[in-house]
Amino acid sequence: MTAARWRHSGALSIPVHDYDPQTIERKWQRRWSEERAFEVTEDPSRPKYYCLVMFAYPSGHAHVGHVRNYMIGDVIARMKRMRGCNVLHPFGWDAFGMPAENAAIKNESHPERWTRANIAHMKSQLQRLGIGYAWEREFATCDRDYYRWNQWLFLKMYERGLAYRKRSSVNWCPGCRTVLANEQVVEGGCWRCGAGVEARDLEQWFLRITQYADELLDRIGGLEAWPRKVLTMQQNWIGRSEGARVRFALLAAGGSDTAGNDAIEVFTTRIDTIHGATFVLLAPEHPLVDRLADESPDAAGFRDRVGRFRALDRMARLTGQLEKEGFDTGRRARNPFTGEAVPIWVANFVLADYGTGAIMAVPAHDQRDFEFARKYGLPVRVVIQPDTGPRLAGETLEAASSAPGTVVASGEFSGLPSAEAVKAMTRAAEARGIGRGEVQYRLKDWGISRQRYWGTPIPIVYCDACGVRPVAYEDLPVELPDVEVFTGRGDSPLAQVSEFVSARCPSCGAAARRETDTMDTFVDSSWYFYRFCDPHNRTAPFRPESVRYWAPVDFYIGGVEHAILHLIYSRFVCSVMRDLGLVTHDEPFTRLLTQGMVLRDGAVMSKSKGNVVDPDEMTATYGADALRLYEMFVAPPEKEIEWTDAGLEGSARYLGRVWRLVTPFAPAFAAGAGSTAGAGGAVGAASAAPAPRLGAAERALRRKTHETIRRVSDDLDPRVHLNTAVSALMELVNETYAYCERTRLGPFAGASGEAAPGPDAPAGALGVVREAIEALILMLAPFTPHLAEELWESIGHAGGVTAAGWPEFDPDIARAEELELPVQVNGKVRAHLSVPVETAEAEVQRLALADPHVQARTAGQQVVRVIVVPRRLVNVVTRPAPAQRGGEH
RNA sequence: GCGAAAGUGGCGGAAUGGCAGACGCGCCGGAUUUAGGAUCCGGUAGCCGCGAGGCUGUGGGGGUUCGAGUCCCCCCUUUCGCACCA
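With this note's numbering as the guide, the letters of the first sequence map in order to residues 136 to 1024.
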């Protein structure tokens, strides 16, 4: 239903419709699709720009929070396209993963059916929002033509020793019934379902990310266009620490002789405190613990205590609170620096999987060791005296002192500053063969085995004769078999599909058994951005030349929740691909923007909370353009926003206002009014009109137009302050309305309906309005593309806004002619001066001092200084005048 | 506990060390309208004042500066990240 009012324009009657987003949006979406408007090919003659949003997990329905980053990406992509860049802006689906499998178990259907249906629905949602993707490049990671290259990459890594298998204690999620990577354990729980993580011993495949730890860490400094927060998180996650590995010889039970060659190796960053190491602590899971239990006179009691530690610790760590506890093993080890026999305890707070799983305890200089020592009455020996403050003594110490200082009570090392002692003692340990300098990382190798169906099969075969064999490249892909019914029983669904499990050994041809685990889905997402460069390649993951053209990604947008998972894996895979000769750059993402979430009632939108806002509903009521504009305007992209219907209405109202401003002029503009014949450029059409002939109001509107172009251009690129760009466009509309009101033009043409200027309209009026309106439409185009295209066409332009290009501003026009300068006296504004811009500083100073308000404030004062900040302000600094007499000669 | 970021009107938010509160929401008033809605115009930090104008004001307290929301130090609060990494 279209409400149409009728207005008269000259002899003709033309309809002036209200803004009707539904019709306009459908029209332009159809046209973009028909024209394949966002498809691109490699074109060396133009600057490329790769704009990417993190692809989506097809969970079912996108809400207004999900689509925010797609909108941000679309604004940037459209703006860059208007600026003449060859823009790659693709989209795809991170389609493997557990929700699909869980849904399949619940519905007794197939994960693929659920996944494909969700993809179809979400794709239509994105299209309805007018997001301009190169849909011909779309793929899903569950496509066999995609995941075969996961397998290919895995084999390449296997060849280079970067993929390996080992039995290890892994994080097992009982809720999802699969193993989790360290990165996927959050506060002791599963990142996805929250269930408490258990320890299990399993044979697992790992990717050797630790081999790249130093490289990944070092290059953090070069990621200048990444949020500092993300870089800090990655730095902490890699967790490099320099220290030393030192051997404490194990003494035989009940004696002081060393037990053969047995030793406890500890890792420490403070070898300078080793003379204060009065005991040694083992993690409950340390390999030596079981042996010490065997050799203990009370083996059963020993085992019982260790067992309790092992079982309880993970649960206790969930809550973050763990009372430090331990027990004496009854055995001793020799401190290699003091020669002393020190007790060996098992302690619940020592981590098995960091360093060597054993530590030397220096209670005087480490708070944890201090608490432990005080609890169990173990000796505390001060070996570092801080450079300031009172002298420390072990007996009276109330807390450990970890500050550096001077080494004491440490034999030949006494007197050294602690930093130097670290070096000297490390050298000494190496010389005596009892230790060496070592670097430890918090980062662990990436465990990728998952005991689930809906993922990429790991292309490995186990042969009784030949052992672990990689599947031959020509036999890829190892396809997921069809499984009829998903029951969720059993740990590894593929293991129950006998046709899948039985295989031939790639080496000897004998009957063999296939690997039945699938890959972590983070493998899929660690290189998808390269596949977009050449998505249909059937003989390679991509053509290196295509990636060389498009990559690295210039602008990457996604949530901070991927700061250490996806973004560290992708950096790692990029380095591996570089070493494989596939890519030529070191880092995959030049600039990263982490967008804020959309909240409602203060909470993140989620189906379970029942607070989701459906973009389809908003679009049906207000239009996609209004929704887009609202989400870009309400806050800076990196900030979270609180959803309000009123805010969305405000944006819709603004677009109606734009519509009512432009449409009355459309017939006249389409007929050429206000433009200069032969003036090709969009904006600048009026600039051919000689400026001196324009009146002050006309010049002011032109200035606003050009200043707005400057501001918006700057806000979009490189700053990406989308909210202030929109507010500048709102100001331009307000100012154009004000001008039209004053000249009775357009929306103010009155009952007679004159869209064209009457005989008394100022010279050049239509020209300056046309210039303002054309600039406005073009700058709105990235935000509200449908409305912009429609209005652009309505004022007589064929060929669309992209071809029209981004408007240029003229600095001379953008500059104000007159300045309103505030004049401060002692920092407080007391007057304003109106001066021409070119006024000399001395003249400004003279005018300021002559101003009556300033005079009133400076009377009886001595003017000490006058500060003139060109184009900004004047500040007159005074102080009380000296007494009259003292001032005379 | 450690680390990072942030605290600005009734609300969302603007401000390369230079007039704090742009723009929007909400609210108030006017025009138009039979009326309402929509639309157009104007007002809107607080306090004092009829007014001109004045005083106060960016979580609190110090400091640097002619000038501080912005820079420095201390404290408070919130959010996020890490959480026994030896």
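Cβ coordinates follow ideal geometry from the N, Cα and C atoms, glycine included.
Model, not experiment: these values are computed from the prediction.
Residue range of the beta strand (DSSP E) that includes residue i
i	result
Glu953	953-960
Ala966	963-971
Met519	The question names Met, but residue 519 in the sequence shown is Ile. It spans 519-521 - the beta strand (DSSP E) in which Ile519 sits, taken as one unbroken run.
Cβ shell of residue i (< 6 Å), same chain only, five flanking positions each side left out
i	result
Pro471	Ile569
Trp927	Ile912, Val936
Glu878	Per the sequence presented here, residue 878 reads as Thr, with Glu not at that position. Result list for Thr878: Ala896, Ala900, in chain order.
Ile1002	Asn1010
Gly572	Ala379, Thr561
Phe437	Ala428, Ser431
Phe505	Pro498, Ala535
Inter-residue Cα distance where the pair is residue i and residue j
i	j	result
Leu99	Trp284	Beyond the ends of the chain as shown, which are 136 and 1024, falls residue 99; an answer cannot be given.
Cys91	Thr313	The structure shown has nothing for residue 91, since the chain only spans 136 to 1024.
Val517	Thr719	54 Å
Leu857	Leu864	11 Å
Ala900	Ala808	10 Å
Ser536	Glu338	43 Å
Thr491	Gln502	20 Å
Tyr205	Gln730	10 Å
Val100	Ala544	There is no way to answer for residue 100, as the model of the chain reaches only from 136 to 1024.
Ala172	His224	11 Å
His921	Glu766	16 Å
Leu486	Ala493	8 Å
Lys183	Glu565	54 Å
Ser862	Phe918	12 Å
Arg567	Asp397	17 Å
Asp669	Arg683	11 Å
Tyr576	Ser376	6 Å
Thr408	Phe507	17 Å
Ala384	Ile583	37 Å
Cut-off 7 Å between Cβ atoms - residues of its own chain near residue i, not counting five sequence neighbours on either side
i	result
Leu578	Ile344, Thr345, Ala348, Trp372, Ile373, Gly374
Pro825	Because Pro825 sits at a pLDDT of 46, beneath the cut-off of 50, its placement in the model cannot be relied upon, and the point is left open.
Asp580	Phe341, Leu342, Arg343, Ile344, Thr345
Gly200	Met732, Val733, Met740
Ala860	Val847, Asp850, Leu851
Option in the options with minimal Cα separation from residue i
i	options	result
Gly529	Pro539, Val497, Pro552, Ala559	Val497
Tyr282	Ala939, Ser660, His701	Ser660
Arg469	Pro539, Glu955, Gln502, Ala412	Ala412
Arg585	Ser553, Gly546, Pro628, Ala563	Pro628
Ala435	Glu458, Thr464, Asp407, Leu734	Thr464
Tyr489	Trp589, Phe402, Phe231	Phe402
Gln959	Trp589, Val793, Arg1007, His932	Arg1007
Arg295	Pro605, Thr674, Ala698	Pro605
Val381	Trp685, Val574, Pro362, Asp229	Val574
Ser180	Asp153, His967, Gly219	Gly219
Pro246	His697, Phe677, Arg587	Arg587
Lys258	Asn237, Ala235, Gly227	Gly227
Gly1071	His410, Lys510, Asp439	Since the displayed the chain opens at 136 and closes at 1024, residue 1071 lies outside it and no answer follows.
Lys100	Cys328, Tyr268, Asp336	Since the first and last residues shown for the chain are 136 and 1024, residue 100 lies out of range.
His422	Ser303, Ala916, Lys774	Before going further, note that residue 422 is Pro rather than His in the sequence given. For the residues Ser303, Ala916, Lys774, the minimum Cα distance to Pro422 belongs to Ser303.
Cβ neighbours of residue i in the same chain (closer than 8 Å, five flanking residues each side left out)
i	result
Gln157	Ala755, Gly758
Ala1016	Gly995, Gln996, Gln997, Gly1022
Glu866	Lys839, Thr843
Ala559	Phe548, Leu551
Extent of the continuous alpha helix (DSSP H) run through residue i
i	result
Gly116	Coverage of the chain is limited to positions 136 through 1024, which leaves residue 116 absent and any answer about it impossible.
Trp167	156-170
Leu702	701-714
field: At least three beta-carbon pairs within less than 8 Å, the segment 594-604 to the segment 633-645
entry: yes
- prompt: Are the segment 898-907 and the segment 834-847 touching, with three or more C-beta to C-beta distances below 8 Å?
  reply: yes
task: Report yes or no: do three or more beta-carbon pairs, one from the segment 756-770 and one from the segment 166-183, lie closer than 8 Å?
output: no
message: Three or more C-beta pairs under 8 Å: does that hold for the segment 785-793 against the segment 730-749?
response: no
- request: Give a yes or no on contact between the segment 659-673 and the segment 258-267, applying the rule of three or more CB pairs nearer than 8 Å.
  value: no
- prompt: Is the segment 183-203 in contact with the segment 248-258, if contact means three or more CB pairs nearer than 8 Å?
  reply: yes
query: Does the segment 295-312 come close enough to the segment 350-365 that 3 or more CB-CB pairs lie under 8 Å?
result: no
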